[in-house]
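One point on numbering: in numbering that gives the first Met the number 0, the residue at position 116 of the sequence shown is 115, and numbering is uninterrupted.
Note that beta-carbon positions come from the ideal geometry of N, C-alpha and C, so glycine has one too.
Quick caveat: nothing in here was measured; it's all calculated off a predicted structure.
Note sheet for the following structure.
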Amino acid sequence: MWLQVLAALFLLLAGLLAGVLFTVEMAIVPTIRALAADPWIRVHVLLDRRFDPMMPRMNKVALAIGLVLIVFVPGPATKVAFAAAALSIGGVAVISEVYNVRLNKRIAAWPVGDPPAEWPEVRARWARANQARTLVALGGFAVTIAAVALAWVGVR
Numbered sequence: 000m001w002l003q004v005l006a007a008l009f010l011l012l013a014g015l016l017a018g019v020l021f022t023v024e025m026a027i028v029p030t031i032r033a034l035a036a037d038p039w040i041r042v043h044v045l046l047d048r049r050f051d052p053m054m055p056r057m058n059k060v061a062l063a064i065g066l067v068l069i070v071f072v073p074g075p076a077t078k079v080a081f082a083a084a085a086l087s088i089g090g091v092a093v094i095s096e097v098y099n100v101r102l103n104k105r106i107a108a109w110p111v112g113d114p115p116a117e118w119p120e121v122r123a124r125w126a127r128a129n130q131a132r133t134l135v136a137l138g139g140f141a142v143t144i145a146a147v148a149l150a151w152v153g154v155r
């Protein structure tokens, strides 16, 4: 019973992670891309203050649950599916930390009213990294659906 609860929670977290990143990619990034430098920086920093505490925590909890599931679910096919799903969750974390978080800190340090000349390139790099982690999260969510389905039907 506890494995089913963990699998459902893992599915929920993978779906939330993919859904939030998909929303950012499809709605927020194009919207703020239309802004000039100063408003873009201010909005980006304000959004990051909300997303930063929530998303890394959700990612870490999902990854921990995924690792528990890999160990305890029966059957090699189900273990491989959960391993692939957890790997994608880890991939999102790596892309986020290596690219987006570092760029967010850099952007937050820019003086208001005086963005550096390279701000468009930094914005473009952030957007490319966000697109990459969104694709990884969406793929991971699809794999998570398959893993949970395998677990629930008892594939070994």
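Taking C-beta to C-beta, are residue i and residue j nearer than 8 Å?
| i | j | result |
| --- | --- | --- |
| ALA84 | GLY65 | yes |
| ARG105 | VAL93 | no |
| ALA145 | ALA80 | yes |
| SER156 | ALA150 | Nothing can be reported for residue 156: it is not among the residues displayed for the chain, which extend from 0 to 155. |
| VAL28 | ALA126 | yes |
| PRO114 | ILE40 | yes |
Where do the ends of the alpha helix (DSSP H) carrying residue i lie?
| i | result |
| --- | --- |
| ILE106 | 101 to 107 |
| ILE27 | From DSSP, ILE27 is part of no alpha helix (DSSP H); its letter is neither H nor E. |
| LEU34 | Taken as a continuous stretch (DSSP letters only), LEU34 belongs to no alpha helix (DSSP H), as it is neither H nor E. |
| SER87 | 75 to 94 |
| GLU120 | 118 to 152 |
Whose C-alpha, out of the options, is nearest the C-alpha of residue i?
| i | options | result |
| --- | --- | --- |
| ARG32 | MET54, GLY18, ALA6 and TRP118 | TRP118 |
| PHE143 | VAL91, ALA82 and PHE21 | The question names Phe, but residue 143 in the sequence shown is Thr. The shortest C-alpha separation from THR143 is found at ALA82. |
| ARG48 | ALA141, PHE21, GLY139 and ALA107 | ALA107 |
| LEU45 | ASN103, VAL91 and GLN3 | ASN103 |
| MET54 | VAL4, TYR98 and LEU16 | LEU16 |
| VAL91 | ILE27, ILE40 and VAL19 | VAL19 |
| SER95 | GLY153, ASP51 and ALA7 | ASP51 |
| ALA128 | GLY138, VAL97 and VAL67 | VAL97 |
| ARG101 | ARG124, PRO38 and GLY89 | ARG124 |
| GLY138 | MET0, PHE21 and ALA7 | PHE21 |
| VAL70 | VAL152, ALA148 and ALA6 | ALA6 |
| VAL23 | ASP37, HIS43 and LEU34 | HIS43 |
| MET0 | VAL72, ALA36, ARG56 and PRO110 | VAL72 |
(request) May I ask you to verify whether the region 6 to 20 touches the region 59 to 77, counting CB pairs closer than 8 Å and requiring at least 3? (result) yes
(message) Counting beta carbon pairs with one atom in the region 118 to 137 and one in the region 71 to 80, are three or more of them shorter than 8 Å?
(response) no
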